[in-house]
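The numbering of the sequence shown is full-length UniProt numbering, which starts it at 1 and goes up by one. Each remark here refers to the structure printed beneath this line.
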Amino acid sequence: MDFPKIHESEYRFCLIMWEYEPVTAAQLVKLCQEQLGWKRTTTYTVIKRLGERGVLKNDNSVITSLVSKDEAQAYEIDELVEKKFQGSLPAFIAAFTKHQDMSEDELDEVQRMIDCIRKGGSQ
Numbered sequence: 001m002d003f004p005k006i007h008e009s010e011y012r013f014c015l016i017m018w019e020y021e022p023v024t025a026a027q028l029v030k031l032c033q034e035q036l037g038w039k040r041t042t043t044y045t046v047i048k049r050l051g052e053r054g055v056l057k058n059d060n061s062v063i064t065s066l067v068s069k070d071e072a073q074a075y076e077i078d079e080l081v082e083k084k085f086q087g088s089l090p091a092f093i094a095a096f097t098k099h100q101d102m103s104e105d106e107l108d109e110v111q112r113m114i115d116c117i118r119k120g121g122s123q
């Protein structure tokens, strides 16, 4: 099964949905108006589109996700690494760290993740 594509504006919507789910469509309309400046019709259109793509479920106007935030982020990172870095995770990390100031704590956290992976665990 192909992972459903979530476009940038839809992703901002999903961040709200993931935070508040299960959430009613009416609540999402209000939240999207407050946080994104969307009109009611825009929110309902996005709910419909994401439902058709299998990202969320609309059951009697109660919205729940079918795709988790972690899954969506992992897919986007995988797609980015594949498209821009020819599938090379080290090339991606090199490009990322070249333009980022990482604190000692962040470097230690990354090292802990690498150590855990080497031991056969996951982060």
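Where a beta carbon is used, it is the ideal one built from N, C-alpha and C, also for glycine.
In the region 10-93, which residue ranges form an unbroken beta strand (DSSP E) of at least 3 residues, counting only runs that do not cross its ends?
56-59 and 62-65
Rounded to a whole number of angstroms, what is the C-alpha to C-alpha distance between Gln-111 and Asp-78?
21 Å
Name the residue from Lys-48, Ser-68 and Arg-53 whose alpha carbon lies nearest to the alpha carbon of Asn-60.
Lys-48
Candidates Ser-88, Val-55 and Phe-85: which alpha carbon is nearest Ser-65's?
Val-55
Which residues mark the beginning and the end of the alpha helix (DSSP H) in which Ile-6 is found?
Neither: Ile-6 is in no alpha helix (DSSP H) and is coded neither H nor E.
Ala-94 versus Cys-14: straight-line alpha-carbon distance, rounded
30 Å
Using only the alpha-carbon positions, how far apart do Gly-51 and Leu-36 sit?
20 Å
Compute the distance between the beta-carbons of Glu-10 and Val-46, then report whether it is under 7 Å.
yes
Just verifying my parser: in three-state terms, what is the DSSP assignment at Gln-111?
helix
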